[in-house]
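Residue numbering for the sequence shown follows full-length UniProt numbering, beginning at 1 and increasing consecutively. Glycine residues also receive a C-beta, built at the ideal position from the N, C-alpha and C atoms. Just below is one structure, and these are the notes that go with it.
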Amino acid sequence: MTPDILCIGSVLWDIIGRSPTAMRLGADVPGRITRLPGGVAMNIAMTLRRFGMTPALLTAIGRDAEGEELTHSCERLGLVTAHVYRSDDLPTDRYMAIEGANGLIAAVADAHSLEAAGEKILRPLADGRLGTEAAPWSGPIALDGNLTEALLAEIAVSSLFSAADLRVAPASPGKAGRLLPLLTHPSATLYVNLEEANILARSDCASAADAAEALLDRGAGRVLVTNGGEPAAEGTRDRGVIEGHPPPVLVTRVTGAGDTFMAAHLVAERRGADRQTALDEALRAAATYVSGDIGA
């Protein structure tokens, strides 16, 4: 298959424990534990595929048993794995989270193999398989913040990304600062939640709209800021900030919601939707996801 979008970043096993009860530190409660293909790049790719696009993954996956199973799962989902860096000596990455009725309780992301692989995952962009420095990839790229700060800084100035429609998402608030080199990239659209926006903008905004303004003031070209069930915002340089209101739903899961929002927004824009329509469609898709009405 020929891809029409590249998803660069973490592809791993999500191990999620969910309980229908509110949880506190040290809680020991009944619930369900699932293991599913996950990671920011993977979650975005799966949503894009559901919307009819053909994503290719640029990531690192081990050649261990977990890596073989994960690769086959990606292929069964219709994702292009031909350009994945397969390592003989790095284990397949994993993510573990606990979610309760009161939201995400705690999570640990083990993306050390992706970080160790470094620029090796980008080789198809330079060796002719997906592009070269003289003729770089010119389609959309979804990039996540699980890459190292050094590699993200290289991407920010690399000619391999100069023609791309770059869509960027942090992996978590703890890694949001890694995206600072990409904040002012001329073709980058940043997708962040309110906490991540305040980290990048070095602000203390209480609303998504104010945070979007703060990011534009810091030199961003285009940003989308979500805030759970509160209004979200899209800000574009010289075009101002608009708001959208998420539909009220019963939240049954949170891991992957931001990735679904980003993918749905990108797809809406590629269909020709205007700013407000694209924002509203992305919010509806994320609400549907967190309510559990569609599969993971």
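For T236, the three-state secondary structure derived from DSSP is strand. The beta strand (DSSP E) runs lying completely inside the segment 163 to 198 and spanning 3 residues or more are 165 to 169, 188 to 193, given in chain order. The distance from the Cβ of T92 to that of E115 is about 14 Å, inconsistent with a contact at the 8 Å cut-off. Distance check between L200 and each of L179, R32, T252 places L179 closest, using alpha-carbon atoms only. Residue state for N227 is assigned as strand, using DSSP reduced to three classes.
CA-to-CA, the gap between N193 and G62 works out to about 31 Å. By the criterion of a C-beta distance shorter than 7 Å, G219 is surrounded in its chain by L183, T184, once the five residues flanking it on both sides are discounted. Taking a C-beta distance under 8 Å as the contact criterion, R167 and P140 qualify as a contact pair. Within the segment 20 to 69, the runs of alpha helix (DSSP H) at least 4 residues long that lie entirely inside it are, in chain order, 40 to 50.
Contiguous alpha helix (DSSP H) elements confined to the segment 67 to 150 occur at 112 to 117, taking only those with 4 or more residues. Here N102 is actually not in contact with A27; their C-beta atoms are around 10 Å apart, not less than 8 Å. In the three-state scheme derived from DSSP, where H, G and I count as helix and E and B as strand, L200 is classed as helix. The residue from R49, V108, P247, A41 with its alpha-carbon nearest to that of D4 is R49. Cβ-Cβ distances below 6 Å link A97 to I16, A107, T255 in the same chain, with the five nearest sequence neighbours on each side left out; the list follows chain order. In the same chain as V249, and ignoring 5 residues on each side of it, the C-beta atoms closer than 6 Å to its own belong to A287, S291, in chain order. The beta carbon of R35 sits closer than 6 Å to the beta carbons of W13, I15 from its chain, once the five residues preceding and following it are set aside; these are given in chain order.
Counting only residues of its own chain and dropping the five nearest sequence neighbours on each side, L79 has a CB closer than 7 Å to the CB of A45, R49, P55, L57. L151 places its beta carbon less than 8 Å from that of E119. R284 carries a helical assignment under DSSP once its states are collapsed to helix, strand and coil. The continuous stretches of beta strand (DSSP E) do not include G9, and DSSP gives it neither H nor E. V267 sits in a helix when the DSSP states are folded into three classes. Around M42, the same chain offers V11 as residues with beta carbons nearer than 6 Å, after the five sequence neighbours per side are excluded.
With fewer than 16 neighbouring CB atoms inside 10 Å of its own CB, T2 falls in the exposed class.
For the set L279, F261, D259, L266, the Cα lying nearest the Cα of V241 is the one of L279. By the neighbour-count criterion, in which a residue is buried when 16 or more other Cβ atoms sit within 10 angstroms of its Cβ, G258 is buried.
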